[in-house]
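*Asks:* Here it is, the structure, as structure tokens.
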Amino acid sequence: MPVDNEIIKRILVSDFIHFANHGVFVDKSSDPLSTHIFNMEGYRWKNIRSKLPIAFTAAKMRRNVIIMNEISKEFIKELDKEVNSNNSINIKDLLSRFTIDVVSSCSMGMKSNTLKHENETLVEQSTSFFEDQWSRTSNILVTLIPRKILVMLHFKLFNKRASNFFLNMFKQIKDHRLTETVKRNDLTDLLLDLCDGTKEHKDYAGDGTMEPLSFDEFAAQMYVFFEAAFETSSSTQTFALYELGANKEVQDRLRNEIEEVLKKHNGQVTYEAVCEMEYLERVIDETLRKYPVFPSLARICTKDYVVPGTDVTIEKDSFVMITNLGIHYDPEYYPDPMKFDPERFTAENKAKRPYCSYVPFGEGPRICLGKRFGLWQIKIGLISILRNYEVSLSDKMQLPLAFKKTGLILRAEGSVWLHLEKIN
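Take the sequence shown: its letters are residues 88 to 511, numbered as in my numbering.
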């Protein structure tokens, strides 16, 4: 487990070729949803990775912001109902439904309507990978048990019910899209284009062609984006609201910024308006410092690596773990690290810290592809709430905040209870 910033930078960026893979076990035949971009390796990963950034351009985000705003209106309606009937709100469930509806609409063109409680099976299966005990345990086992044994055991990361549910859902989406005459130019269209064997797709180097995506690969990419985008964003929003509830002066300053910026944009939450909200950016950055999406980053050494300036050799097939929490709570970079202080992320203060001292989404070629999308739905969700409510911690909130002890993503243990007071 490296702690030196220079070594961390080498592993993630400079000497990435030695640590290019996550080393997660994948059985394509028995566990098709595991063949997603996070688990892919080698040339296949490079080829698919090179094609996906086009799904997250600024132009695509401008369109998505319109969709996010429409869903946020439904979100506030449901929040109003909850507030009118309860003094305290467990915000985690509503935020999960908000992000599920956003991701479904923006990336798949599907109205999931989970905020209206019209698709409880989707909610249940979406959260099963993070809440199901086997799924949480399996993420640890795959790093401890030799691959040969996992193959013999027909080991699966996903439970059969969830796997079948999502494979069927993505099959229906694919079949429906193929009958449409108008392209949506979203992630689904991009992946379907990569499935088309009649088209020639250049490989990542641009001097050859890549093999089309199989249906299982298509479904796996759809799944990993759906799961990662909804869960990471809802968790970050939850942590942000917890901190805003505990730090009223930060909340008031952020709300004032939101109101002042929107006055200049006729009260409309446009792409351009949100881009002007610098303090909102700092609040989210500080939230992700204290509560990074990935508490740790795993890499497997693909060939023997001598750590520069030392006589230490990391042998091939060794797992390397980088602790994001350790980096983000290092007082050398972040004095008084337990304090929630968005001022750490002014341009001046960021310039004082070395590269790779802030890695909530990872860094280098393996950085999270959906980072931009996730940040935008976090922003729209927080703006919607803070325009309508004063937030404080409920008496039902158990302190200090505890975290789940298993899983790939940092999440709060139990309920996060907030008191919301409507702003007239």
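Positions of the beta carbon are idealized from the N, C-alpha and C atoms, including for glycine.
Which class does T410 belong to by DSSP, given the choice of helix, strand or coil?
*Replies:* strand
*Asks:* Assign Q220 to one of two classes, buried (16 or more other C-beta atoms within 10 Å of its C-beta) or exposed (fewer than that).
*Replies:* Here the model assigns Q220 a pLDDT of 43, short of 50, so the residue's position is not dependable and the matter cannot be decided.
*Asks:* Thinking C-beta only, is F143 closer than 8 Å to F406?
*Replies:* no
*Asks:* Kindly indicate the opening and closing residues of the alpha helix (DSSP H) around E373.
*Replies:* 365-377
*Asks:* So is A434 buried or exposed if we call it buried at 16+ other beta carbons inside 10 Å?
*Replies:* exposed
*Asks:* Measuring straight from C-alpha to C-alpha, what distance separates K439 and L277?
*Replies:* 39 Å
*Asks:* With DSSP as the reference, please indicate the residues paired to K289 in a beta bridge.
*Replies:* T296
*Asks:* Relative to the C-alpha of S194, which candidate in E314, K179, K203, S159 has its C-alpha closest?
*Replies:* E314
*Asks:* Cα separation between S199 and N206?
*Replies:* 6 Å
*Asks:* Could you give the distance in angstroms between the alpha-carbon of R184 and the alpha-carbon of C388?
*Replies:* Our two residues, R184 and C388, have alpha carbons roughly 38 Å apart in a direct line.
*Asks:* Could you give the C-beta distance for I158 and S192, rounded to a whole number, given that I count them as a contact under 8 Å?
*Replies:* 6 Å
*Asks:* Mind pulling the alpha helix (DSSP H) runs of 4 or more residues that sit fully within the segment 439-501?
*Replies:* Restricting attention to alpha helix (DSSP H) runs no shorter than 4 residues, the segment 439-501 encloses them at 458-475, ordered along the chain.
*Asks:* Are W504 and K483 closer than 8 Å when you measure CB to CB?
*Replies:* In contact: W504 and K483 (Cβ atoms closer than 8 Å).
*Asks:* Classify L265 as buried or exposed, calling it buried when 16 or more other Cβ atoms lie within 10 Å of its own Cβ.
*Replies:* exposed
*Asks:* To the nearest angstrom, report how far apart E477 and Y421 are at their CA atoms.
*Replies:* 29 Å
*Asks:* To the nearest angstrom, how far is the alpha carbon of V393 from that of H415?
*Replies:* Rounded to the nearest whole angstrom, the CA to CA distance from V393 to H415 is 26 Å.
*Asks:* Comparing C-alpha positions only, which one of A107, E419, E165 sits nearest to R453?
*Replies:* A107
*Asks:* Between the beta-carbon of K261 and the beta-carbon of F305, is there less than 8 Å?
*Replies:* yes
*Asks:* Looking at R97 and P382, is the spacing between their C-beta atoms short of 8 Å?
*Replies:* no
*Asks:* Of all the options I496, G501, Q308, K390, which has the alpha carbon lying nearest to the alpha carbon of G110?
*Replies:* Checked all of I496, G501, Q308, K390; the closest Cα to G110 is K390.
*Asks:* Since K509 and V170 are thought to touch, with beta carbons under 8 Å apart, how far apart are those beta carbons, to the nearest angstrom?
*Replies:* 7 Å
*Asks:* Note down the Cα distance separating I176 from E363, rounded to an integer number of angstroms.
*Replies:* 30 Å
*Asks:* Give the range of the alpha helix (DSSP H) segment to which H263 is assigned.
*Replies:* 247-266
*Asks:* By DSSP, does V503 sit in helix, in strand, or in coil?
*Replies:* In the three-state scheme derived from DSSP, where H, G and I count as helix and E and B as strand, V503 is classed as coil.
*Asks:* Could you give the C-beta distance for P447 and N411, rounded to a whole number, given that I count them as a contact under 8 Å?
*Replies:* That pair is a contact at about 7 Å.
*Asks:* Kindly list the residues whose CB is nearer than 6 Å to the CB of A489, restricted to its own chain and excluding five residues on each side of it in sequence; keep chain order.
*Replies:* E500
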